[in-house]
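Peer 1:
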Amino acid sequence: MKNRSRAYIRHQRERMIQKNWAILQNIMLRENEYMPVRGTLSKGKVHCSCRMCRYEQYHSIPKTKHKARLKAMEQEIDEYVYFLLACCSLHDLALTKSISLGNKK
Numbered sequence: 055m056k057n058r059s060r061a062y063i064r065h066q067r068e069r070m071i072q073k074n075w076a077i078l079q080n081i082m083l084r085e086n087e088y089m090p091v092r093g094t095l096s097k098g099k100v101h102c103s104c105r106m107c108r109y110e111q112y113h114s115i116p117k118t119k120h121k122a123r124l125k126a127m128e129q130e131i132d133e134y135v136y137f138l139l140a141c142c143s144l145h146d147l148a149l150t151k152s153i154s155l156g157n158k159k
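Set out below in structure tokens:
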């Protein structure tokens, strides 16, 4: 684990609290009197499943790691197909040479 300063940890904690506070206030439309204590919002998710918070999931947008994996798989398939085409063309070329020389197989 990286050594991080207390200031960095405080900053990240406050950033998450602000994000979750905004979700509760603006999306779930909670009033101030029903809001939880601010410190408890840094502990995890607010569990909002609205379309705005889960845009990628509702619109079937793949995550970056899935895009990268798919691209790598497509590249591997393309390389394999290119290899097969190259092998077939060499094999056909060898057959035509042997036929033209009179060595029928």
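Residues in the sequence shown are numbered from 55 upward in steps of one, following the numbering used here. Cβ coordinates follow ideal geometry from the N, Cα and C atoms, glycine included.
Compute the Euclidean distance between the alpha carbons of methionine 89 and glutamate 68, then round it to the nearest angstrom.
Peer 2: On the sequence shown, residue 89 is found 35 positions in, with the first residue counted as 1. On the sequence shown, residue 68 is found 14 positions in, with the first residue counted as 1. When rounded, the separation of the alpha-carbon atoms in methionine 89 and glutamate 68 is 16 Å.
Peer 1: Beta-carbon within less than 7 Å of tyrosine 112's beta-carbon, same chain only, minus the 5 sequence neighbours each way: which residues are those?
Peer 2: As a first step, residue 112 must be located in the sequence shown, where it is residue number 58. So the list reads Arg105, once near-sequence residues are dropped.
Peer 1: Could you round the C-beta distance between tryptophan 75 and arginine 92 to whole angstroms and report it? I think they count as a contact, below 8 Å.
Peer 2: In the sequence shown, counting from the first residue as 1, residue 75 sits at position 21. In the sequence shown, counting from the first residue as 1, residue 92 sits at position 38. Contact holds; Cβ gap of about 7 Å.
Peer 1: Grab the span of the alpha helix (DSSP H) containing glutamine 79 for me, first residue to last.
Peer 2: Looking up residue 79 in the sequence shown gives position 25. Run containing glutamine 79: none; DSSP gives neither H nor E here.
Peer 1: Any idea what DSSP makes of methionine 89, helix, strand or coil?
Peer 2: Counted from its first residue, the sequence shown places residue 89 at position 35. Reduced to three states, the DSSP call for methionine 89 is coil.
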